Every structure is written in structure tokens, then in C-alpha cells.
Amino acid sequence: MCLGVPGRVLTISDDGLTALVDFFGVKRELRLDIVDEPVQPGDYVLNHVGFAIRRIPTEEVQETLALFDQILQEQAAGDLMAEDVRGEIASARSVPSTEGAAAGKDQDRGR
Amino acid sequence: MAGSFEELKFRDPARARALTDALQREVDLIGRKPVSVMHVCGSHEQAIARFGLRAAFPRELDVIMGPGCPVCVTDTPEVDEAVALAAQGARVCTYGDMLRLPGTSRSLADAQADGGKVEVIYSVVQAVELAQKHPAEQVVFFASGFETTAVATAAVVLAGVPENFSILSSHKYVPAAMDVVAEMKETSIEGFIAAGHAAAITGWGIFEPFAARTHRPVVVAGFEPLDVLAAVLELTRLIRLGRAEVVNCYPRCVSRDGNRPALDKLWKVFDVVGGVWRGIAMVPRGNLDLKPEWDRLNARRRFRIDTAAVGGSDRNLLAEQCICGTIMTGLAKPSDCALFGKECRPETPVGACMVSSEGSCKIWHVYGGHPDLRGAA
């Protein structure tokens, strides 16, 4: 529960309250109420229980992603860190794929 | 851009060896044994266990997990309250690990099996959505977690919640529990490792009064193997020098002041109050409860909660043998408990530390019972 999980901001909602975020290929919506500084598309944020809690400085992104990439690659069932990471990703609101595309770039809209 | 994982500096075996050699030198210079340090984060214990770090620590160094699991320190009567609310017809929403946490007689999983409406959620946002979806019901969020998690609860409160939504707070405040451990007469803990992402919210500055008051150094650490090794090395160096300072070994995530907007929201909604941490003690300033102005959202104010009706006044003889509290204060190890791996297993937990993925007993059980290879060397 202490581990925040990093994801890349794709879009920000018009009201600025939520962001569509890509977590290792999974698109989810995060609340922006408590993030430490303003975020923009392309930024990386740490997710904790469905909220962005920190914008990850650019120079730290690769290091932060590497730990989680490796944890998620663990296929062995029952790895506690991997379970916690998956739980954090599940804590962000799931976004139906069509809605995700509508909120995203125009070129993503066509089928 | 970083290369393969093996090339990353936070995994580099040569750096790991250099760090462990330096760590051995520091411990030798201290010249006492054991030198005991405590971390207060389930994710640190997971990292230590899964990367086999105890095998790399000097024999003379004990790295002990303290009360770093919010589920584990949720007190039995708090679980009884949640079970009673489910029995009284409320829809009780809570984070996953709380489901099997034992109350005096029953857990929320038992309440669910009895037909109670118990929902596992990943985010407090989902609890609010359930309240919107079931306007005729009372939806209670049984809130667990340390201050990092409590800021999310505070955010939904400030954003506005439906009339039928309330909060049974079991949120805990970590710095207060470090005080209790440091001030126990029998404690051997000489320094503390603080959790990186929790400190991302609070900032490392909050540990300075603690270090000054208890004469113990604090090092803030990340979760990479080398993050943990580097933090333990820095902590032993501070112990050798007798310097009760706070050092931030996780600057890429933690600042001195923390996340001010989040802290502002936290303290608009919550007060620190005294509360019992399961098995440990009454911790002054250890709990986070809703401020009086949020009484209308406080389940303890909104409902008459009858815990006696769900066995809250019964005795549980097996639970009385549980030594979770002694383990969380660093006076015993999971493998010292007579119930560990026998009566108490992840599927049938007796003690709270066997329930959560952040509980030391569950972590030790999953990673082989006694994840300290030095004993076998």
C-alpha cells in the first residue's frame, strides 16, 4: 500500500480534475486532487489508491519505471510486491476503450 | 535512456557488493552486536525478502520490520465495528486486505458469508460511487491506511460525498508509532528507516523532531535493492558516529516539505487522536479521525454500533497466543511465534500480520518462512 505506481499522463479532463493515464499499457483515469504540482500530457505521475500523489521529475522517470517493470514481469503467482502493484493499477478508475479514444487524440478515434 | 534492467544503477551487482562491504566495515567499527535498526514499511520488508537482502546484511546487523503495515495495526474493536455495521445492514466498503482481518470473533469475510453487504474496493472513489448507485442504503467506507492513504479519503470528503456515505476511520499516523517503539524500555532499536512514498506526502522534515527527541537517526529510503542497502549503510554510519540526524536517501521522490497541497487537505479533514494499535499499545497521536466539523460523515457518530452483537465481547483463546504486537515492536520475529505457519497461515490468519501483503508474518511465510539465509550459511 505504500508503493505508488508510475504511469504516463495521456490527457487531462476539460475540468482539470482527472487525467487519463497509461500504466504499462493499461489506460486508467486518476484523480488530480492531491498531486504535488500541475501535470501535463507526457508527464509521469505516481498513483496511490486512484489518486496521483506526485509528478515524477523527468530525470527520475526511467529509474522509477524500471523497478515496476521488473516487478510486473514476475510471472510467479503470489509475489506480494507484484500483487500490490496490480492492486494500485486497479485502484484507478477503468476507462472503456471507446471513451479512452474519445478523450485521446483525434487520430485515435477512427476504427 | 536506461538500458536493460541489469545495467541500471539501482541493481548493479558491483555496487551492491561495494555497499555490503562498506556496511560490514561500519558494523565492525561499531563493535557491538547485534546492531538493531527498524524499518516501518511493508514494501521495504517485501523488497528485503524478495531480493534476499538479509543474506547480504552483516550477521551482526538486525534489520527489523516495525509497525509498518496499516492493516496489521487496525485494532480488533475497529474490525468489530465494521462487522457490526455490516450486520446492521450497512454496505461496508474496504480495501482488500481488510476483508480477512480478524475481529474478536468475526472478520468482514465472515460477515460477507453471512449475507452482509461487504465490498472490496481499491479506491475510496469506488466507495463514493457505490453510495451514488445505492441511494436507499447506508454506505460505510471502513478506511485503513497511513497518512499517504488518508489524503485520498480527505480529498473525496472535500470534493463532496452523497448523504448516505460515511467513514469508519482506521487511518493511522506513522510518526507517532515510531515514538512508541523508540520509547519502549526493552527496545534495542538504534535507528529507523522511513518509507519513501509515505514521506513523499509528509516530507522528511517531520522526522527531525523525532530524531532529536529520541536520539535516534532516521534515513528515508526507496524500494530498489540498492536504495535499501544504501539507506541501511547510511543509518549504521550515523549510529557509529552517534549522530541523531535525518538523512534523505530517496531524493528522487522525497522532499523536505512533502506534498503541501495534499497535507493541507489531510489536516482540513482529519485530526490526530490517541488510539490503540493492535497488539502494540495505546499510541498517543497514532490515529487519524475525522474532525468534529465532519461528524455527519463519521460512522461512529451516525450509527449506534453494537459490537457485542457480533461477538465483540467474547474471548478468543487462539488470538490470545498471537505475538503480532511483540513482532511489530521488534522484540520477536515471526518465526518465534508458536502459531506461525501452523494455526496461523495466510488462508486462516489468527494474527493481523498474517493477513496483509504488507504484514511481516505473511511476507516471511510467502518467501519461505525465515528469509534470512545467514543462519544457514
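Residue numbers (our numbering), protein chains in the order written: chain A, 1265 to 1375; chain B, 8 to 384.
Backbone N, C-alpha and C fix where the C-beta goes; we use that ideal spot for every residue, glycine too.
This one's a predicted model, so the numbers in the text were calculated from it and none came from an experiment.
DSSP state of B/Cys256, grouped into three classes? Working through the second sequence from its first residue, we reach residue 256 of chain B at position 249. If DSSP states are grouped into helix, strand and coil, B/Cys256 belongs with coil.
| How should B/Thr160 be labelled, buried or exposed, when 16 other C-beta atoms within 10 angstroms of its C-beta is the threshold for buried? | Taking the first residue of the second sequence as 1, we reach residue 160 of chain B at position 153. Result: buried.
Pull up the distance between the alpha-carbon of A/Val1269 and that of B/Val125, whole angstroms please. Taking the first sequence and counting its residues from 1, one reaches residue 1269 of chain A at position 5. Taking the second sequence and counting its residues from 1, one reaches residue 125 of chain B at position 118. When rounded, the distance between both Cα atoms is 26 Å.
request  = Would you grab the beta carbon distance between B/Ala201 and B/Phe214 for me? Rounded to a whole angstrom, and I think it's under 8 Å.
outcome  = Here residue 201 of chain B corresponds to residue number 194 of the second sequence, with the count starting at 1. Here residue 214 of chain B corresponds to residue number 207 of the second sequence, with the count starting at 1. Right, their Cβ atoms sit about 6 Å apart.
Please classify A/Ser1355: does DSSP put it in a helix, a strand, or coil? Start at 1 with the first residue of the first sequence, and residue 1355 of chain A comes out as number 91. It is helical.
Taking the straight line between their C-alpha atoms, what separation do you get for B/Gln31 and B/Leu242?
Translated into positions along the second sequence, residue 31 of chain B becomes position 24. Translated into positions along the second sequence, residue 242 of chain B becomes position 235. So the two alpha carbons sit approximately 13 Å from each other.
So what does DSSP say about B/His385, is it helix, strand or coil?
Nothing in the structure corresponds to residue 385 of chain B, since chain B is present only between 8 and 384.
Quiz item: Cβ of B/Glu52 within 6 Å of any heavy atom in the ligand NAD?
Solution: Ligands displayed in this structure: none; no statement on the ligand NAD is therefore possible.
Measure the alpha-carbon distance for B/Gln145 versus B/Phe172 and round it to whole angstroms. Taking the first residue of the second sequence as 1, we reach residue 145 of chain B at position 138. Taking the first residue of the second sequence as 1, we reach residue 172 of chain B at position 165. Between B/Gln145 and B/Phe172, the C-alpha separation is close to 6 Å.
CA nearest to the CA of B/Arg311, picked from B/Val187, B/Ala89, B/His51, B/Cys79: Numbered from its first residue, the second sequence carries residue 311 of chain B at position 304. For B/Arg311, the nearest C-alpha among the options comes from B/Ala89.
- Item | C-beta atoms of B/Leu92 and B/Ile174 nearer than 7 Å | The count along the second sequence starts at 1 and reaches residue 92 of chain B at position 85. The count along the second sequence starts at 1 and reaches residue 174 of chain B at position 167. Result no, Cβ atoms of B/Leu92 and B/Ile174 do not sit closer than 7 Å.
Examine the Cβ distances between the region 125-140 of chain B and the region 150-164 of chain B and report whether three or more of them are shorter than 8 Å. Counting Cβ pairs under 8 Å, three or more are found: they touch.
Worksheet entry | B/Tyr257 and B/Gly210 closer than 7 Å at C-beta | Numbered from its first residue, the second sequence carries residue 257 of chain B at position 250. Numbered from its first residue, the second sequence carries residue 210 of chain B at position 203. Their beta carbons are not under 7 Å apart, which means B/Tyr257 does not touch B/Gly210 by this criterion.
Backbone CA spacing between A/Arg1318 and B/Asp321 [nearest angstrom] = Here residue 1318 of chain A is taken as the residue at index 54 of the first sequence, counted from 1. Here residue 321 of chain B is taken as the residue at index 314 of the second sequence, counted from 1. Taking the straight line from one Cα to the other gives about 45 Å.
### Query
So which residues on chain B does A/Phe1315 lean against when the C-beta distance must stay under 7 Å?
If you number the first sequence from 1, residue 1315 of chain A lands on position 51. Those are Ala159, Ala162, listed as they occur along chain B.
- Tell me the start and end of each unbroken beta strand (DSSP E) in the region 119-175 of chain B that is at least 3 residues and wholly inside, in chain order. You should have 125-128, 146-152.
task = Using a cut-off of 9 Å between C-beta atoms, extract the partners of B/Cys360 located in chain A.
result = Locating residue 360 of chain B in the second sequence gives position 353, counting from the first residue. Neighbours of B/Cys360 on chain A: none; closest Cβ ~13 Å, over 9 Å.
Next item on the list: From the DSSP output, in three-state form, read off B/Glu365 for me.
Entry: Taking the first residue of the second sequence as 1, we reach residue 365 of chain B at position 358. Coil at B/Glu365, not helix or strand.
Check: Does the separation of the CB atoms of B/Gly110 and B/Val86 fall below 7 Å?
Finding: As a first step, residue 110 of chain B is located in the second sequence; it is residue number 103 there, counting from the start. As a first step, residue 86 of chain B is located in the second sequence; it is residue number 79 there, counting from the start. Their beta carbons are under 7 Å apart, which means B/Gly110 touches B/Val86 by this criterion.
| Residue(s) in a DSSP beta bridge with B/Ser177 | Start at 1 with the first residue of the second sequence, and residue 177 of chain B comes out as number 170. DSSP output for B/Ser177 lists B/Ser151 as bridge partner(s).
Is it buried or exposed for B/Val47, if we count other Cβ within 10 angstroms and need 16 for buried?
Your numbering for residue 47 of chain B matches position 40 in the second sequence. Buried, since its Cβ has 16 or more Cβ neighbours within 10 Å.
Practice task
Would you list the residues sitting across from B/Cys331 in a DSSP beta bridge?
Solution key: Start at 1 with the first residue of the second sequence, and residue 331 of chain B comes out as number 324. Partner(s): none; B/Cys331 has no beta bridge.
Are the beta-carbon atoms belonging to B/Trp284 and B/Val78 less than 7 Å from one another?
In the second sequence, counting from the first residue as 1, residue 284 of chain B sits at position 277. In the second sequence, counting from the first residue as 1, residue 78 of chain B sits at position 71. Against a cut-off of 7 Å, the Cβ pair of B/Val78 and B/Trp284 comes out as no contact.
Exercise. Is the Cβ of B/Tyr180 closer than 7 Å to any Cβ of chain A?
Worked result: Within the second sequence, numbered from 1, the residue matching residue 180 of chain B stands at position 173. No, B/Tyr180 lies away from the interface with chain A (no Cβ there is under 7 Å from its Cβ).
Give the residues of chain A in contact with B/Val80, contact being defined as C-beta atoms less than 9 Å apart.
-> Here residue 80 of chain B corresponds to residue number 73 of the second sequence, with the count starting at 1. None at all; the shortest Cβ gap to chain A is about 12 Å.
Have a look at the DSSP bridge pairing and note the partners of A/Asn1311.
Position 47 of the first sequence holds residue 1311 of chain A. According to DSSP, A/Asn1311 bridges with A/Val1269, A/Ala1316.
query = In the DSSP assignment, what residue or residues form a beta bridge with B/Met45?
reply = On the second sequence, position 38 is the one that residue 45 of chain B refers to. In DSSP, B/Met45 forms a bridge with B/Ile71, B/Phe199.
Tell me which residue opens and which closes the beta strand (DSSP E) that B/Leu295 is part of.
For this step, residue 295 of chain B is matched to residue 288 along the second sequence. Element bounds for B/Leu295: 288-297.
**Item:** Partner residues on chain B for A/Asp1279, Cβ-Cβ distance less than 7 Å
**Value:** Start at 1 with the first residue of the first sequence, and residue 1279 of chain A comes out as number 15. The contacting residues do not exist; A/Asp1279 stays about 12 Å from chain B at best.
Does B/Ser130 have its Cβ less than 7 Å from a Cβ in chain A? The sequence position of residue 130 of chain B within the second sequence is 123, counting from 1. Cβ-Cβ to chain A under 7 Å: yes for B/Ser130.
How many whole angstroms separate the CB atoms of B/Pro268 and B/Leu60, which I take to be in contact at a CB cut-off of 8 Å?
On the second sequence, residue 268 of chain B is found 261 positions in, with the first residue counted as 1. On the second sequence, residue 60 of chain B is found 53 positions in, with the first residue counted as 1. Not a contact, Cβ separation roughly 35 Å.
Does the region 1342-1361 of chain A come into contact with the region 21-28 of chain B, if we say contact requires no fewer than three beta-carbon pairs (one atom in each stretch) closer than 8 Å? no
For this session: Determine, using beta-carbon pairs with one atom in the region 234-250 of chain B and one in the region 180-191 of chain B, whether at least three such pairs fall under 8 Å.
Result: no
| query | Is it right to say B/Asp220 is buried, meaning 16 or more other beta carbons lie within 10 angstroms of its own, or is it exposed? | reply | Here the question's residue 220 of chain B lines up with position 213 in the second sequence. A small fix is needed here, since residue 220 of chain B is Arg in this sequence, not Asp. Burial call: exposed.
* Does A/Ile1298 have its Cβ less than 7 Å from a Cβ in chain B? -> Here residue 1298 of chain A corresponds to residue number 34 of the first sequence, with the count starting at 1. It does: the Cβ of A/Ile1298 has a partner Cβ on chain B nearer than 7 Å.
Under the three-state DSSP convention, the category B/Cys351 falls into
Along the second sequence, read from residue 1 onward, the residue named residue 351 of chain B stands at position 344. In the structure shown, B/Cys351 sits in a strand (DSSP, three-state: E or B).
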